[in-house]
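Numbering follows full-length UniProt numbering, with no gaps: position 393 of the sequence shown is 393.
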Amino acid sequence: MMKNQSQWKTSTGFILASAGSAIGLGAMWKFPYMAGVYGGGAFLLLFLIFTLLVGLPLLIMEFTVGKMGRTYTTKIYEKLTARKWLNIIGWNGNLAVFILFAFYSVIGGWIIIYLFKVLMQLVTFNDSALSKINFDQIITNPWLTIVGQGIFILLTMIIVMLGVEQGLEKASKFMMPLLFICLIIIVIKSLSLDGAMAGVRYILEPRLDDISVKGILFALGQSFFTLSLGTTGMITYASYASKEMTIKTSAISIVIMNILVSVLAGLAIFPAISAFGYKPTEGPGLLFKVLPSVFEQMSFGTLSYFVFLILFLFAALTSSISLLELNVSNFTKNDNTKRKKVAVIGSILVFLLSIPATLSFGSLSHIQFGVGSIFDNMDFLVSNILMPLGALGTTLVVGHLLKIEELKAHFGRDKFKLFIPWYLLIKFVLPVVIVVIFIVQFI
Ligand code: PHE
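Printed below as a string of structure tokens:
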């Protein structure tokens with residue numbers, strides 16, 4: 001191991017960091033908006049199936065690869081297989097997180113803008129029509145949104161530059177439970193609204209007629225997105241972890257937490273949608289439009305909303321640092337003396353790419369192609385193309401090039417005899433599933 005390389009001393013550090021990377025905008029912002037567009041309960045069902053049968057085995061796989069290879073991911077494939085060209089899987093991940101960070105920061109910026117607005121009491125709480133207008137005014141204001149996302153990228157950059165992620169991860173020990181509690185309070189409030197039940201039914205009842213091909217594709221993409229899969233980000237975190245890390249327990253707890261947060265976010269939003277007469281198909285703005293109406297109904301609404309936004313921002317930042325960290329790790333080749341320079345250059349480039357993403361909600365909204373706006377296409381390119389491709393590459397390497405005994409040794413204690421089913425899934429089933437779904441989207 002290189003002297004200046006980052007490493008966690010305990011396996012708790014590793015779990016906190018990878019859970020932090022996983023739980024973020026994906027579960028809280030993207031899940032409700034996707035579920036609203038692609039059939040509510042049907043989408044939730046597909047998401048659960050994909051997360052448990054595809055996401056979990058893939059997460060175990062990425063942790064295993066990181067633990068075996070213990071180096072940065074544009075080198076790790078060569079190190080494990082002696083085939084240099086396979087490092088392309090690492091480069092694919094690098095590209096994926098670069099684009100991902102750019103559109104992620106748009107939403108991170110919205111959180112920051114709402115934080116300031118709430119602080120200055122500028123958010124209209126009492127009317128759903130006004131809440132929409134409020135939101136539209138924000139997202140169509142180019143300077144405001146560019147400054148917002150700039151601050152989000154800057155915060156991420158400072159944390160990564162200083163290498164103080166570990167401090168942040170320690171903070172997540174209490175920030176994450178607080179976020180859970182906050183979500184539960186919102187859910188309780190939302191469920192108590194008049195007309196809430198229609199929304200509950202919408203998100204929990206799997207109406208099979210609502211399953212569409214697009215819904216299937218996006219549900220798979222959502223599992224990849226929330227679990228940070230296919231970008232090699234999780235491989236990177238596992239490569240920093242101490243030898244005693246427990247792969248399966250870590251992966252299972254991250255998957256469960258992710259499902260919980262997604263479901264809680266759904267239960268916070270959909271009852272309020274039906275109670276206040278919003279449309280579930282509002283798209284990326286859904287959470288931001290609906291939440292003010294819920295907080296308005298609470299005692300200490302403004303204060304609660306403020307606390308929620310802080311926790312939400314925290315969760316988004318623990319994910320965005322993992323995005324930047326991957327680039328830093330690969331471009332510095334894990335040499336921490338170059339960390340500052342690479343973090344700054346990477347952030348500036350991400351900022352430039354984030355500008356068209358944010359303008360696609362305003363002055364560039366007329367540019368529509370592929371699956372929609374510039375923003376939609378960036379998300380699609382990452383979640384539905386680059387992430388599945390990266391995961392596919394790694395399944396092929398793990399299933400067909402690595403030695404089974406070695407994998408088994410890193411898989412860890414196997415009381416429940418899970419190794420063989422997991423290995424068969426990785427070797428035969430998941431590559432086929434990914435390829436089939438991948439091809440379907442181009443037909
Ligand atoms: N999983 C993160 C989220 O849900 C996003 C992410 C994807 C982070 C890929 C790192 C790598 O917010």
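Note that CB positions come from ideal geometry on N, CA and C, so glycine has one too.
Please read these numbers as outputs of a predicted model, since none were measured by experiment.
Contact test: residue i Cβ vs ligand 1 heavy atom, cutoff 7 Å
| i | result |
| --- | --- |
| V263 | no |
| S228 | yes |
| S319 | yes |
| V97 | yes |
| A35 | no |
| A19 | no |
| G24 | yes |
| F47 | no |
| F225 | yes |
| G233 | yes |
| A27 | yes |
| S322 | yes |
| L286 | no |
| I100 | Looking at the sequence shown, residue 100 is not Ile but Leu. Checking the Cβ of L100 against ligand 1 gives yes. |
Local Cβ density within 10 Å of residue i, reported as buried at 16 or more and exposed below that
| i | result |
| --- | --- |
| T318 | buried |
| K248 | buried |
| W85 | exposed |
| Q121 | exposed |
| R83 | exposed |
| I89 | buried |
| E62 | buried |
| G221 | buried |
| I269 | buried |
| T395 | buried |
| F442 | exposed |
| M1 | Residue confidence for M1 is low, a pLDDT of 39 falling below 50, so the modelled location carries little weight and cannot support an answer. |
| L392 | buried |
| F152 | buried |
| V54 | buried |
| M197 | exposed |
| R339 | buried |
| K417 | exposed |
| R413 | exposed |
| I420 | exposed |
| S209 | In the sequence on display, residue 209 carries Asp and not Ser. It counts as exposed. |
| L424 | exposed |
| E244 | exposed |
| P177 | exposed |
| G26 | buried |
| K3 | Since pLDDT at K3 reaches only 43, below the 50 mark, its modelled position is unreliable, and the value read off the structure follows with that caveat. By the neighbour-count rule (16 or more Cβ atoms within 10 Å), K3 is not buried but exposed. |
| G13 | buried |
| F303 | The displayed chain sequence assigns Leu, not Phe, to residue 303. L303 comes out exposed. |
| residue 445 | This structure cannot speak to residue 445, because the chain is shown only from 1 to 443. |
Residue j beta carbon less than 8 Å from that of residue i
| i | j | result |
| --- | --- | --- |
| I321 | L168 | yes |
| A251 | L56 | yes |
| G40 | Y237 | no |
| S128 | F276 | yes |
| S363 | F375 | no |
| G370 | G93 | no |
| M234 | S18 | yes |
| A22 | S228 | yes |
| G266 | L44 | yes |
| V147 | N134 | no |
| L309 | L115 | yes |
| S354 | Q149 | yes |
| S172 | G20 | yes |
| G69 | L52 | no |
| N336 | T74 | no |
| S242 | T10 | yes |
| L46 | A219 | yes |
8 Å contact criterion, which residue i and residue j should meet: CB distance rounded
| i | j | result |
| --- | --- | --- |
| M175 | F314 | 5 Å |
| residue 444 | A42 | The question about residue 444 has no answer here: the residues shown for the chain are numbered 1 through 443. |
| residue 445 | K333 | Residue 445 cannot be examined here, being either before or after the span of the chain that is shown, 1 to 443. |
| W8 | I107 | In fact, because the Cβ distance is near 28 Å, the residues do not count as touching under 8 Å. |
| V200 | L193 | Not quite, the Cβ-Cβ distance comes to about 11 Å (not below 8 Å), so this is no contact. |
| V294 | I186 | 6 Å |
| A96 | T231 | 5 Å |
| V433 | F306 | Not quite, the Cβ-Cβ distance comes to about 43 Å (not below 8 Å), so this is no contact. |
| T64 | F411 | 6 Å |
| A316 | M161 | Not quite, the Cβ-Cβ distance comes to about 18 Å (not below 8 Å), so this is no contact. |
| L59 | L430 | 12 Å between Cβ atoms; not a contact. |
| F224 | M387 | 4 Å |
Ligand 3 heavy atom lying under 7 Å from the CB of residue i
| i | result |
| --- | --- |
| A391 | Absence of ligand 3 from the depicted structure is noted, with ligand 1 being the only ligands included. |
Closer than 8 Å to chain C by CB, residue i
| i | result |
| --- | --- |
| L352 | This model lacks chain C altogether; it includes just one protein chain. |
Just checking, does the region 92-109 make contact with the region 254-267 on the three C-beta pairs under 8 Å criterion? no
Could you check whether the region 262-269 touches the region 28-36, counting it as contact only if at least three pairs of C-beta atoms, one from each stretch, sit closer than 8 Å? yes
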